[in-house]
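Following: one structure in structure tokens, then a few remarks.
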Amino acid sequence: MFEEMKFRHLAGFMLLALFVAGVGSAIVGLGAEAVDVLIMKVMYLIVPLGFFMYHFRKQGVPLSAVIQTAGVKRWLGSLAGIMAVSIAFSLSVFWLQLYALMPLSPSLVGFMLEPIPMPENGLYLVLTVIMISVIGPIAEEFIFRGVLLKRMALKTSMWGGIIISSLLFGVLHADIIGAFAFGVITSLLYLKTRNLLVPILLHIFNNSFAMLMTFVAPKWPESVGVLETADIYANAVPNAILLAISTVLTAWIIFRLAKGVRRTAAVSE
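Take -2 as the starting number for the sequence shown in the working numbering and just add one per residue.
Quick look at the structure:
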């Protein structure tokens, strides 16, 4: 099903739609917040919805072929644990990036540590949270774990599809290393369960927690928090420990999921 969908077509439609939206917003004279909402709608809603609706109808495949609620409940505890490890890994990798960049470009580090202000427009805040926490994860899972993973696996191998789709997923996010590891885990979850709802839920949990900590309570434990440049060195030891532990746990999660995928593939054969 996803193997029949060409990623280059989706990418082409996305670029064209973003170009049209950009030109249109410039002509109309939309404000910065309105442009942000429009771009998110194009990327996460309009293009993916149109693309996947067309292909699902063309192939005569129901949505239930890739999204099922049965058996998801037993995964909720595991998803919570994976989310905790993923966030710990991303935070510690972010600290490591700042630690490496500090001697080279202190100004860039300062820019990366600038706090994100709470939007004054309530409607803009609500739409942003919904897009990033819910709609974005759904669209990205269909795109990266659906089309790109399956197409690349078809052209290379299972691990070729996982690595390529996860690399592109990582490159398109600010936290490249953390996003790459997250992409590998969600890819394995989809291949293991054959249910896109499982990685979608993990993605929603992860993004919702990140948004909550960004706009509601952006305070981390003082021992690992990096809110100022001084914290990069002051909290180096606990962050290094967190990085070591989360790296081991991330590798263990990937190993366990990969074993399940190989076992599932062997049974299906």
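Just so you know, even glycine gets a beta-carbon here, dropped at the ideal spot from N, CA and C. Just so it is clear, the structure is predicted and the values come from calculations on it, not from any experiment.
Option in the options with minimal Cα separation from residue i
| i | options | result |
| --- | --- | --- |
| residue 251 | 11, 189, 34 | 189 |
| residue 235 | 142, 224, 220, 135 | 220 |
| residue 62 | 53, 70, 68 | 53 |
| residue 80 | 229, 18, 183 | 183 |
| residue 191 | 67, 44, 205, 98 | 67 |
| residue 0 | 84, 141, 200, 118 | 141 |
| residue 30 | 154, 122, 225 | 122 |
| residue 170 | 158, 204, 199 | 204 |
| residue 113 | 224, 22, 23 | 224 |
| residue 258 | 46, 20, 155 | 155 |
| residue 8 | 73, 200, 165, 256 | 165 |
| residue 199 | 78, 157, 161, 22 | 78 |
Nearest-angstrom beta carbon gap, residue j and residue i [assumed within contact, 8 Å]
| i | j | result |
| --- | --- | --- |
| residue -2 | residue 56 | 6 Å |
| residue 181 | residue 163 | 5 Å |
| residue 109 | residue 95 | 7 Å |
| residue 320 | residue 202 | With the chain covering -2 to 266 only, the question about residue 320 has no answer from this structure. |
| residue 99 | residue 229 | 6 Å |
| residue 206 | residue 84 | 7 Å |
Endpoints, the alpha helix (DSSP H) within which residue i is located
| i | result |
| --- | --- |
| residue 84 | 73 to 98 |
| residue 148 | 146 to 152 |
| residue 52 | 44 to 56 |
| residue 121 | 119 to 127 |
| residue -1 | Taken as a continuous stretch (DSSP letters only), residue -1 belongs to no alpha helix (DSSP H), as it is neither H nor E. |
| residue 140 | Looking at the DSSP string, residue 140 is not in any alpha helix (DSSP H), and its letter there is neither H nor E. |
| residue 269 | The requested residue 269 does not occur in the structure, where the chain is confined to residues -2 to 266. |
| residue 190 | 173 to 190 |
| residue 30 | 29 to 38 |
| residue 227 | 226 to 231 |
| residue 221 | Counting along the chain, residue 221 falls outside any alpha helix (DSSP H), and DSSP gives it neither H nor E. |
| residue 106 | 103 to 109 |
| residue 113 | Residue 113 -> no alpha helix (DSSP H), and no H or E assigned at all. |
| residue 168 | 155 to 168 |
Check whether residue i and residue j have beta carbons under 7 Å apart
| i | j | result |
| --- | --- | --- |
| residue 128 | residue 37 | yes |
| residue 275 | residue 138 | Residue 275 lies beyond the range of the chain shown here (-2 to 266); nothing can be said about it. |
| residue 187 | residue 194 | no |
| residue 32 | residue 124 | no |
| residue 130 | residue 208 | yes |
| residue 254 | residue 185 | yes |
| residue 42 | residue 135 | no |
| residue 178 | residue 247 | yes |
beta-carbon residue i near the ligand ZN non-hydrogen atom, thresh 6 Å
| i | result |
| --- | --- |
| residue 242 | Only the bare structure without any ligand can be found here, which leaves the ligand ZN out of the picture. |
Closer than 7 Å to chain B by CB, residue i
| i | result |
| --- | --- |
| residue 84 | The structure shown contains no chain B; it holds only a single protein chain. |
Counting beta carbon pairs with one atom in the region 141 to 151 and one in the region 2 to 13, are three or more of them shorter than 8 Å? yes
At least 3 beta-carbon pairs within less than 8 Å: the region 102 to 115 vs the region 5 to 19: no
Cβ contact (3+ pairs, closer than 8 Å) linking the region 88 to 95 and the region 167 to 181: yes
State whether the region 74 to 89 contacts the region 240 to 251, with contact taken as three or more CB pairs (one from each stretch) at a distance under 8 Å. yes
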